[in-house]
């Protein structure tokens, strides 16, 4: 099996809520979704891509998207 | 808030089972754990880092590690 290794993993990962690209916050070891105002933690090297487990970094954006999410998934 | 962006995300992500580094299989859009003989899918841009959701790519290694895992988590 031949595996094409691509180190630019961040180009293909997206926020599960907004489907926008993520940036890696090295200082706090987490993945930032600017669009959703959320940060997904990386626990022991494993990214936790769950909305409920994300840290809110922008209250306004996060509330906006959480509102949409709640309506779709009551 | 200042964010240090590091594109080398693969250097910090590990297999949840073996804690070893992963490689990105671009062709099949999944993260390979050579040590565990498993591949973690990336569904719609979101990596699913669950042992139960991983695809077995090496039966011998996967069985070895699944055996250990089952003993720890019966």
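Residue numbers (the working numbering), protein chains in the order written: chain A, 45 to 118; chain B, 45 to 118. We put the beta carbon where it would ideally sit given N, CA and C, even for glycine. Predicted, not measured: the structure shown is a model, and the values here were computed from it.
Can you tell me which residues form a DSSP beta bridge with residue i?
{"i": "residue 99 of chain B", "result": "B:83"}
{"i": "residue 91 of chain B", "result": "B:86"}
Output, in chain order, the set of chain A residues within a Cβ distance shorter than 7 Å of residue i.
{"i": "residue 97 of chain B", "result": "Residues of chain A passing the Cβ test: none, with the nearest at roughly 12 Å."}
{"i": "residue 85 of chain B", "result": "Per Cβ cutoff of 7 Å: no residues; residue 85 of chain B is ~12 Å from chain A at best."}
Leaving out five residues before and five after residue i in sequence, what residues of the same chain have Cβ atoms less than 8 Å from its Cβ?
{"i": "residue 66 of chain A", "result": "54, 57, 58, 59, 75, 76, 77 and 84"}
{"i": "residue 64 of chain B", "result": "58, 77, 78, 79 and 80"}
{"i": "residue 73 of chain B", "result": "85 and 86"}
{"i": "residue 101 of chain A", "result": "76, 81, 82 and 83"}
Could you name the residues of the same chain whose beta carbon sits closer than 6 Å to that of residue i, not counting the 5 residues immediately before and after it, in chain order?
{"i": "residue 93 of chain B", "result": "60 and 84"}
{"i": "residue 99 of chain A", "result": "83"}
{"i": "residue 95 of chain A", "result": "61"}
What does the Cβ neighbour count give for residue i, buried or exposed, with the cut at 16 atoms within 10 Å?
{"i": "residue 104 of chain B", "result": "exposed"}
Output needed for residue i: all residues of its chain with C-beta closer than 7 Å, excluding positions within five of it in sequence on either side, in chain order.
{"i": "residue 91 of chain B", "result": "75 and 84"}
{"i": "residue 68 of chain B", "result": "54 and 75"}
{"i": "residue 62 of chain B", "result": "77, 79, 80 and 109"}
{"i": "residue 46 of chain B", "result": "At residue 46 of chain B the pLDDT is 48, less than 50, meaning the model places this residue with poor confidence and gives no usable figure here."}
Given that residue i touches chain B, what residues does it touch there, using C-beta distances under 9 Å?
{"i": "residue 81 of chain A", "result": "Residues of chain B passing the Cβ test: none, with the nearest at roughly 12 Å."}
Should residue i be listed as close to the ligand GDP, given that the test is whether its C-beta is under 7 Å from any heavy atom?
{"i": "residue 93 of chain B", "result": "The model on display carries no ligand, and the ligand GDP is accordingly not part of it."}
Subject >> chain B contacts from the region 50-65 of chain A (Cβ-Cβ distance under 9 Å) >> reply: Going along the region 50-65 of chain A in chain order, one finds 50, 51, 52, 53, 54, 55, 56, 57, 58, 59, 60, 63 and 65 with a Cβ nearer than 9 Å to chain B.
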